[in-house]
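Below is one structure, written out as structure tokens; the observations come after it.
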Amino acid sequence: MPFAAILAACSGSGSQTALEPQGPIGRDIDGLWDLVLMLATGVFIFVMLLLVWAMWRYRERPGDLSEPKQIHGNPVIELGGVVFSVVLLTIITIPTVRSLLDIRSEPVGPDVLQIQVTGHQWWWEFEYINEIAPDGRTLITANELHIPAGVSVNLTMTSADVIHSFWVPALNGKRDVVPGRTSKLTLIADEPTPDGEPIPGQCAEFCGLAHADMRIKLHVHTAADYATWVQEQLAPSVQPAGGSALEGGWLTFSALCTTCHQVTLEDIEGELVTYGPERHIVANDITFRSSFGPNLTHLFSRGTFGSGTFTLDADHLSEWIDNPQKLKPMDPDRNDLAEGFVYGMPDLGLDPVEIAEVVALLETWR
Amino acid sequence: MTTTAEQQAIRSPGGRGVWAWITTVDHKRIGLLYAVTAATFFFIGGIEALLVRTQLFGPNLEVLSAEAYNQLFTMHGLTMVFLVVMPIAAAFTNYFLPILLGARDVAFPRLNAFSYWLFLFSGLLIYSSFVLGGAPDGAWVGYAPLSSQLTEVVRMDFWSIGLQMLGVASIASSANFIATAFTMRAPGMTMLRMPVFAWMSLVVAFLLIFSLPSVAIGLFQLFLDRNFGGLFYAAEAGGDPLLWQHLFWIFGHPEVYVLVLPAMGIVSEVLPTFARKPLFGYPFVVFAGAAIGFVGFGVWSHHMFTSGMGPIAEAGFGVATMIIAIPTGVKIFNWIGTIWGGKIKFNTPMLFSLAFVAMFVIGGLSGVTHAVVPSDTQQHDTYYVVAHFHYVLFGGAIFGYVSGVYYWFPKWTGRLLDERLGKIHFWLALIGFNLTFGPMHILGLNGMPRRTYRYPEGLGWANWNAVATIGAYTILAAFLIFAWNIIRTHFLAKGELVGNDPWDGRTLEWSISSPPPVHNFDEIPVVHALDDFWHQKYAEDEEGRAVRMPEVAGGALTVEKQTGGDDEGHGGEDMHMPSPSYYPALAALGIVIMGAGLIYLPWGFIAVGIGVAIMMWGLFGWSLEPVTKEH
Chain W
1 MPFAAILAAC
11 SGSGSQTALE
21 PQGPIGRDID
31 GLWDLVLMLA
41 TGVFIFVMLL
51 LVWAMWRYRE
61 RPGDLSEPKQ
71 IHGNPVIELG
81 GVVFSVVLLT
91 IITIPTVRSL
101 LDIRSEPVGP
111 DVLQIQVTGH
121 QWWWEFEYIN
131 EIAPDGRTLI
141 TANELHIPAG
151 VSVNLTMTSA
161 DVIHSFWVPA
171 LNGKRDVVPG
181 RTSKLTLIAD
191 EPTPDGEPIP
201 GQCAEFCGLA
211 HADMRIKLHV
221 HTAADYATWV
231 QEQLAPSVQP
241 AGGSALEGGW
251 LTFSALCTTC
261 HQVTLEDIEG
271 ELVTYGPERH
281 IVANDITFRS
291 SFGPNLTHLF
301 SRGTFGSGTF
311 TLDADHLSEW
321 IDNPQKLKPM
331 DPDRNDLAEG
341 FVYGMPDLGL
351 DPVEIAEVVA
361 LLETWR
Chain F
1 MTTTAEQQAI
11 RSPGGRGVWA
21 WITTVDHKRI
31 GLLYAVTAAT
41 FFFIGGIEAL
51 LVRTQLFGPN
61 LEVLSAEAYN
71 QLFTMHGLTM
81 VFLVVMPIAA
91 AFTNYFLPIL
101 LGARDVAFPR
111 LNAFSYWLFL
121 FSGLLIYSSF
131 VLGGAPDGAW
141 VGYAPLSSQL
151 TEVVRMDFWS
161 IGLQMLGVAS
171 IASSANFIAT
181 AFTMRAPGMT
191 MLRMPVFAWM
201 SLVVAFLLIF
211 SLPSVAIGLF
221 QLFLDRNFGG
231 LFYAAEAGGD
241 PLLWQHLFWI
251 FGHPEVYVLV
261 LPAMGIVSEV
271 LPTFARKPLF
281 GYPFVVFAGA
291 AIGFVGFGVW
301 SHHMFTSGMG
311 PIAEAGFGVA
321 TMIIAIPTGV
331 KIFNWIGTIW
341 GGKIKFNTPM
351 LFSLAFVAMF
361 VIGGLSGVTH
371 AVVPSDTQQH
381 DTYYVVAHFH
391 YVLFGGAIFG
401 YVSGVYYWFP
411 KWTGRLLDER
421 LGKIHFWLAL
431 IGFNLTFGPM
441 HILGLNGMPR
451 RTYRYPEGLG
461 WANWNAVATI
471 GAYTILAAFL
481 IFAWNIIRTH
491 FLAKGELVGN
501 DPWDGRTLEW
511 SISSPPPVHN
521 FDEIPVVHAL
531 DDFWHQKYAE
541 DEEGRAVRMP
551 EVAGGALTVE
561 KQTGGDDEGH
571 GGEDMHMPSP
581 SYYPALAALG
591 IVIMGAGLIY
601 LPWGFIAVGI
611 GVAIMMWGLF
621 GWSLEPVTKE
631 H
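Chains W and F, in that order, are what the protein sequence lines are.
Last residue of the first sequence: 366 in my numbering, with the numbers rising by one and none dropped.
Last residue of the second sequence: 631 in my numbering, with the numbers rising by one and none dropped.
What follows is the structure, encoded as structure tokens:
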């Protein structure tokens, strides 16, 4: 079916498994899992051998008229069972607590990359609060996270609406993203990911209609590549001049899209202008961005859209703008921007020409 | 010409017709009502699960919309927990608790009827949402503020009101069971002579009484949030979404034991019967059950290891969770000890009980992995958790209850379920179950979150999902055979008539006719030992082997009767059996009309008024109706 074809195929990209960790925290957790799995498998085999042996050995045999001995119990065996359980559980408990304190400790120091995460129904907003443009703007992006390899990344997270959970299994366990609170998660990745093959993750706490389509792509770079990416993202895109081929698209975009989406552009006079609403929420005395929709300044630098769900290209994007709900289950009829409630992108009722013009414009914002 | 046994099997004791069932206060009939209702909901909840599994058969399928999917998985969870497993446990407890204790009914027969009708009407109210604009779609745990969002859509009001009323029904029946176990035991039936199933029912009743108030508060707050701007869970107004999770899981975790402990009780009756040996370590099994109940109140936050508690709290709840594994392990070893050295007959009830032990070991061990907090942060909210709790609640609880159905069916109807069909049912269920839920462990570890209506290609999830879906249809086949077995045996009357004691049973229910008379016991028995009925049939020789006592080997059993002036002990004329009453059903109906009104505020206040009036009519009628004597 044509519909399925547009969903981002992940073949060739990283797997979402927790069993092939790609960073020290993921490895710590995986090592603990291996230990518990080994012990549990041992206990399972032991108990099953006892059970199956007892079933076989003490089955009723034809012609046997004897009655079994009426054994009512044996306190020594009971005590043995308790001691056996306690010993095994202690073996698990000690590394559990040690590892727990380890992975919950927050990284500190000047080298730590600080990123603020806002969970939305149904997308992720990222603000790199240490990556600042000359005019004071912070680096803002959505759904695709870029980090340098080997660096501790400290995520400070909150939610704009309901509870979400940030989860990139290869690097760490999940952490809930709760409205009114902040939560922390540390990510450390060993190696840069190949181009176009980010590490996948996704929202892990049920958050309504499009919970399944609230995905995360995590790109890991070398320090140099990361610095380049930061510079590209901090730079503005270009606002089309009057009379240019892209002017039609800009008229539609600036009339409709900037109701929810922000873009930072350089206009004809070379002035920086940010279009679209600037919204924030405060949780735990920290100010987080809380936009109605993803910042589109560098939309086409991303590989996917719709929160990491669809492969980004002109055709797919046209289909999306034509009727977003056809691709992703959302409830934009209930949007109430005055109250700050957004349940997805509405069908804007654009005709095919207008859509093509808008997409042509967006394609220039890389 | 029909024999007496056949007559009994064809005609249940007591009145006939629909009205007799609506007004019944007989604990056995109420038990059967619970059983039939739970079985119906089991098939509905199963169909919901099959639709969910069909949607997940392959990547990006479009069998269901996200909206439909979210309703179906929510209703599947809600149905299986509150409308299937809890009531099927209530069915067994209702029917057998009084008989196992040597009593003629529960302590409060009309309250018992009230509990059933309130449960049934609440279930119907929740299900009416399907035709009234959509079923609840916020998951059975209903995490705020997702569940308090979109207040103009009443779906989650059906959920909060429905659960609230089901809670009232459960509290009423729990109080009833506690009073029954404490005050209605036959002479000589000391607490430590109560069958394990009776013990587990008692522990469950306490769990419900202490845990339900917590979720009741939460549900009220959520209802206020949704309908009157309560702001309890509204973060932007200083409310706290995590408060809901605490209130829910302080109930929700003991609830898990509510679902599984009665099944453990059944297994503890079945294993000794078919191994022809007493339960190994009876006091340890009983105390382990009680210990699980106690510790179960101190582990709720292991459902919240990703929610942002501090590491010390997390470590504490992790260790408490591991401690639960100790009494659970004790039970497993005692069950194996029970069959060890026995003479095992592999009838269908025994097969399901043995499978219970094996599957519960898997579910228990995967539960220990959740206590390992760092590891749990990977497994939480994935298919690994779905696999874990289905091993506990399906391979565990449901297999235990199915074992109970095969075990006690002859007592209910006088007829034995077909053994050949039973064994086909068993093997299909065991294979289908493991095909469905085994692969979910792998899916979860490979990063597949639960409650997702579709998944992309390329993450390696497609094959295991296909296997799980095939397994789900295998389970359907298994339970269709089960249904046919019940229809064939009872309704088509093709099952073998087997008399009062087909399994050479150990407990008091096997000493009375099948089905039992309305008053259960012609004369209240006097109990001398644990497994009293067995000890009336068998003595032990000097080696400790069971020896059939000659005086009962030939046929009629002479159960010792209580003697003396107490009129409880006499048969015939003096028996006080409660009179039928429609007031409990009426009161329950009033409460549910009231609840329905609360869903559709403000106009619903009219229905609330009508409901209150009907409830008061029911309650006053109930308290003022005269006692009439039967017999």
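The beta carbon of each residue, even a glycine, is placed where N, CA and C say it ideally should be.
Since we're looking at a predicted model, the values are computed, not measured.
Residues that residue i contacts on chain F, provided the C-beta gap is smaller than 8 Å
| i | result |
| --- | --- |
| methionine 38 (chain W) | Within chain F, no residue comes near methionine 38 (chain W); the closest Cβ sits about 11 Å away, beyond 8 Å. |
| phenylalanine 44 (chain W) | Val361, Ile362, Leu365 |
| cysteine 207 (chain W) | Leu146 |
| isoleucine 29 (chain W) | Pro374, Ser375, Thr377, Gln378 |
Assigned exposure category for residue i - 16 Cβ within 10 Å defines buried
| i | result |
| --- | --- |
| methionine 616 (chain F) | exposed |
| alanine 314 (chain W) | exposed |
| alanine 358 (chain F) | buried |
| valine 162 (chain W) | buried |
| tryptophan 461 (chain F) | buried |
| threonine 489 (chain F) | buried |
| glutamate 540 (chain F) | exposed |
| asparagine 176 (chain F) | buried |
| leucine 120 (chain F) | buried |
| methionine 38 (chain W) | exposed |
| arginine 454 (chain F) | buried |
For residue i, the first and last residue of its enclosing alpha helix (DSSP H)
| i | result |
| --- | --- |
| phenylalanine 220 (chain F) | 196 to 228 |
| lysine 217 (chain W) | No alpha helix (DSSP H) contains lysine 217 (chain W), which is instead part of the beta strand (DSSP E) from 215 to 221. |
| proline 68 (chain W) | Element bounds for proline 68 (chain W): n/a, residue is neither H nor E. |
| glutamine 633 (chain F) | The structure shown has nothing for residue 633 (chain F), since chain F only spans 1 to 631. |
Amino acids of chain W, ordered along the chain, whose beta-carbon sits closer than 7 Å to that of residue i
| i | result |
| --- | --- |
| phenylalanine 632 (chain F) | Absent from the structure is residue 632 (chain F), since the part of chain F shown begins at 1 and ends at 631. |
| threonine 248 (chain F) | Looking at the sequence shown, residue 248 (chain F) is not threonine but phenylalanine. The contacting residues do not exist; phenylalanine 248 (chain F) stays about 13 Å from chain W at best. |
| asparagine 434 (chain F) | Simply none; closest approach about 13 Å. |
| arginine 454 (chain F) | Ala212 |
Integer-rounded CB distance, given that residue j should sit under 8 Å from residue i
| i | j | result |
| --- | --- | --- |
| valine 230 (chain W) | leucine 139 (chain W) | 6 Å |
| leucine 459 (chain F) | proline 294 (chain W) | 23 Å between Cβ atoms; not a contact. |
| alanine 90 (chain F) | serine 173 (chain F) | 6 Å |
| proline 192 (chain W) | histidine 221 (chain W) | 5 Å |
| threonine 180 (chain F) | alanine 107 (chain F) | 5 Å |
| isoleucine 593 (chain F) | aspartate 157 (chain F) | Wrong, their Cβ atoms sit about 15 Å apart, outside the cutoff. |
| leucine 97 (chain F) | serine 268 (chain F) | Between serine 268 (chain F) and leucine 97 (chain F) the Cβ distance is about 15 Å, and since that is not below 8 Å, they are no contact. |
| arginine 548 (chain F) | lysine 537 (chain F) | 7 Å |
| glutamine 22 (chain W) | aspartate 225 (chain W) | In fact, because the Cβ distance is near 17 Å, the residues do not count as touching under 8 Å. |
Amino acids of chain F, ordered along the chain, whose beta-carbon sits closer than 7 Å to that of residue i
| i | result |
| --- | --- |
| glutamine 202 (chain W) | Pro449 |
| isoleucine 103 (chain W) | Pro374 |
| serine 165 (chain W) | Thr306, Asp381 |
| alanine 18 (chain W) | Gln378, Leu445, Gly447 |
| alanine 54 (chain W) | Ile336, Ile339, Trp340 |
Contacts of residue i in chain W (Cβ-Cβ under 8 Å)
| i | result |
| --- | --- |
| methionine 322 (chain F) | Leu89, Ile92, Thr93 |
| serine 65 (chain F) | Pro329 |
| glutamate 632 (chain F) | No answer is possible for residue 632 (chain F): the residues shown for chain F start at 1 and end at 631. |
| arginine 506 (chain F) | Correct list: empty, because the minimum Cβ distance to chain W is about 11 Å. |
Limits of the unbroken beta strand (DSSP E) element including residue i
| i | result |
| --- | --- |
| valine 285 (chain F) | Segment 282 to 295 is the alpha helix (DSSP H) holding valine 285 (chain F); no beta strand (DSSP E) there. |
| glutamine 202 (chain W) | 199 to 202 |
| isoleucine 371 (chain W) | Because chain W here runs from 1 to 366, residue 371 (chain W) falls outside it and cannot be looked at. |
| glutamine 114 (chain W) | 113 to 120 |
Proximal chain W residues relative to residue i, where beta-carbon distance stays under 9 Å
| i | result |
| --- | --- |
| glutamine 536 (chain F) | Residues of chain W passing the Cβ test: none, with the nearest at roughly 14 Å. |
Within-8 Å CB hit, residue i to chain A
| i | result |
| --- | --- |
| alanine 587 (chain F) | Looking for chain A here will not work: the only protein chains present are W and F. |
9 Å Cβ cut-off: residues of chain F touching residue i
| i | result |
| --- | --- |
| threonine 193 (chain W) | Near threonine 193 (chain W) there are no residues of chain F at all, since even the closest Cβ is about 15 Å away, more than 9 Å. |
| leucine 377 (chain W) | Here chain W covers residues 1 to 366 and nothing more, so residue 377 (chain W) does not appear. |
Decide yes or no for the touch test of the region 245 to 252 of chain W against the region 284 to 302 of chain W: beta carbon pairs closer than 8 Å, at least 3 of them.
no
Between the region 347 to 356 of chain F and the region 16 to 30 of chain W, can you find at least three pairs of beta-carbon atoms closer than 8 Å?
Judged by pairs of C-beta atoms under 8 Å, the region 16 to 30 of chain W does not touch the region 347 to 356 of chain F, as fewer than three such pairs exist.
State whether the region 201 to 221 of chain W contacts the region 407 to 424 of chain F, with contact taken as three or more CB pairs (one from each stretch) at a distance under 8 Å.
Too few Cβ pairs lie closer than 8 Å, so no.
Check whether the region 174 to 182 of chain W and the region 149 to 161 of chain W touch, using three or more Cβ-Cβ pairs below 8 Å as the test.
Contact annotation: the region 174 to 182 of chain W touches the region 149 to 161 of chain W, with at least three C-beta pairs closer than 8 Å.
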